[in-house]
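**Q** What follows is a structure written as structure tokens; I'll ask about it next.
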Amino acid sequence: MAEVNQQGCLFVGEGVVLKGNFEVPDIASISGVVEGELTAKQILIEATGVVHGKLSGETIDIRGEANEFVSSTRSLIIRSTGKATGSIHYSEIEIEKGGHLHGDLHNLNPHS
Amino acid sequence: MSIFSKNSTPDSNEDKIADEQVENYSEAAAVEESVAVSTSSYEVARNEAPSRPGISKPSIISEGFTFEGTITSDGVLNIAGTVRGKITAKSVLIDASGQVDGELNSDQLVIKGQLKGEVNCEDLNVGPLAHVDGTISYKYIHIQRGGKVSGKFIKN
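Chain order of the listed sequences is V and A. So in this note's numbering, spot 90 of the first sequence is number 90, and the numbers just go up one at a time. Offset between the second sequence (1-based) and this note's numbering: plus 112.
Right, here's the structure in full:
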């Protein structure tokens, strides 16, 4: 879907290293390395993608690596190749078998 | 010999009878022993022989049943009731109505109900209606969509 309308999207290709803070209105697809803060509506970390820093979004899909902080207000999926460490906040979570989770897990709305 | 003979008059004939009695007695004991052995081997066979070979019958804490204390099992444990305390088992299933509060150690753990406490397992599967809270160390994890988990997760 990102290929159809690329407005407001960020694509980080494999081998690219990005440092800084990023505000992405729509989709952020990460195949490279991001160091810093990343906020997007939808975040896809591909199998080769690595994020060091803060990751916030509505839906987050991790096939690669997310370190330090992850916050998802809608759904967080850690795929079988995915790895999430640090402080993780979510409202709905799914971890595929083989996914790697290490850290503190917090439910954003625990009484739902 | 007089100890074994019921009759107080010891003559050679009586002695022979007593000897026979002793022999019979020991024979009977041997028969009893072999019976006991065959019974226990039967029990082992029965424990290991359900519809799925190699998997023994599960121990079940039924719905409405509350257990407080320590449970240790080499086999499968199904919890549909409430357990407060320490559980050690090879495989544990916490059913949708099941609640566990305490320490849990197992190779395989499936959670469909509620779990609070310290968990140590190899293979963890959290169902969509499950609530898990605590310190969880695991080797392999699978959380189905909708499962509510919080606390510390440690991958071994």
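We put the CB at the ideal spot given by N, CA and C, even for glycine.
Give, in chain order, every residue of the stretch 248-262 of chain A whose Cβ lies closer than 9 Å to some Cβ of chain V.
**A** Ile248, Tyr250, Tyr252, Ile253, His254, Ile255, Gln256, Arg257, Gly258, Gly259, Lys260, Val261, Ser262
**Q** Kindly indicate if chain A contains any beta-carbon less than 8 Å away from that of Asn67 of chain V.
**A** Taking the first sequence and counting its residues from 1, the one referred to as residue 67 of chain V is at position 67. So no, Asn67 of chain V is outside the interface.
**Q** Report back the beta-carbon spacing between Ser87 of chain V and Gly103 of chain V to the nearest angstrom; my notes put them in contact at under 8 Å.
**A** The count along the first sequence starts at 1 and reaches residue 87 of chain V at position 87. The count along the first sequence starts at 1 and reaches residue 103 of chain V at position 103. So it is a contact: roughly 6 Å between Cβ atoms.
**Q** Run through DSSP, which three-state label would Arg74 of chain V get?
**A** On the first sequence, position 74 is the one that residue 74 of chain V refers to. In this structure, Arg74 of chain V counts as strand in the three-state DSSP scheme.
**Q** Any C-beta of chain A sitting closer than 8 Å to the C-beta of Gly82 of chain V?
**A** Here residue 82 of chain V refers to the residue found at position 82 when the first sequence is read from its first residue. Not one chain A Cβ lies under 8 Å of Gly82 of chain V.
**Q** Under 6 Å Cβ to Cβ from Gln256 of chain A, same chain only, skipping five residues before and after it: list those, please.
**A** As a first step, residue 256 of chain A is located in the second sequence; it is residue number 144 there, counting from the start. Once the five neighbours on either side are set aside, the close Cβ partners of Gln256 of chain A are Gly239, Pro240.
**Q** Starting from the beta carbon of Leu105 of chain V, find every residue of chain A whose beta carbon is closer than 8 Å, and list them in chain order.
**A** Residue numbering aside, residue 105 of chain V sits at position 105 when the first sequence is read from its first letter. Ordered by position in chain A, the residues that pass the 8 Å Cβ test against Leu105 of chain V are Val261, Ser262, Gly263, Lys264, Phe265.
**Q** Measure from the C-beta of Glu92 of chain V to each C-beta in chain A and report whether the shortest distance is under 8 Å.
**A** To locate residue 92 of chain V, count along the first sequence from 1; it is residue 92. Yes, its Cβ sits closer than 8 Å to a Cβ of chain A.
**Q** From the beta carbon of Leu55 of chain V, is the nearest beta carbon of chain A less than 8 Å away?
**A** Locating residue 55 of chain V in the first sequence gives position 55, counting from the first residue. Chain A contact via Cβ: absent.
**Q** Can you tell which of V:Ala40, V:Arg74, V:Thr48 has the C-alpha that lies nearest to the C-alpha of Lys54 of chain V?
**A** For this step, residue 54 of chain V is matched to residue 54 along the first sequence. That would be V:Ala40, whose Cα lies nearest to the Cα of Lys54 of chain V.
**Q** CB-CB under 7 Å to Thr178 of chain A, same chain, minus the five flanking residues each way: which ones, in chain order?
**A** For the purposes of this step, residue 178 of chain A is taken as the residue at position 66 of the second sequence. Cβ within range, chain order: Gly193, Thr194.
**Q** Taking beta-carbon pairs under 8 Å, can you tell me which members of the stretch 8-21 of chain V lie near chain A?
**A** Listed in sequence order: no entries.
**Q** With a cut-off of 8 Å, does the C-beta of His98 of chain V fall near any C-beta of chain A?
**A** Start at 1 with the first residue of the first sequence, and residue 98 of chain V comes out as number 98. What sits at residue 98 of chain V in the sequence shown is Gly, not His. By this cut-off, Gly98 of chain V is an interface position.
**Q** If you pair each beta-carbon of the stretch 212-223 of chain A with each one of the stretch 195-204 of chain A, do three or more pairs fall below 8 Å?
**A** yes
**Q** Checking contacts by CB at 8 Å: is His52 of chain V closer than that to chain A?
**A** Translated into positions along the first sequence, residue 52 of chain V becomes position 52. Cβ-Cβ to chain A under 8 Å: no for His52 of chain V.
**Q** Please classify Gln256 of chain A: does DSSP put it in a helix, a strand, or coil?
**A** As a position in the second sequence, residue 256 of chain A is number 144, starting the count at 1. Correct three-state label for Gln256 of chain A: coil.
**Q** Is the CB of Leu44 of chain V under 8 Å away from at least one CB in chain A?
**A** Reading the first sequence from its first residue, position 44 is the one you call residue 44 of chain V. With 8 Å as the cut-off, Leu44 of chain V does not count as an interface residue toward chain A.
**Q** Under the assumption that Glu37 of chain V contacts Lys19 of chain V (Cβ atoms under 8 Å), give the Cβ distance between them as a whole number of angstroms.
**A** By one-based count along the first sequence, residue 37 of chain V stands at place 37. By one-based count along the first sequence, residue 19 of chain V stands at place 19. The Cβ separation is near 10 Å, so there is no contact.
**Q** Could you tell me whether any Cβ in chain A is nearer than 8 Å to the Cβ of Leu38 of chain V?
**A** Here residue 38 of chain V refers to the residue found at position 38 when the first sequence is read from its first residue. Not closer than 8 Å to any Cβ of chain A, the Cβ of Leu38 of chain V fails to qualify, so no.
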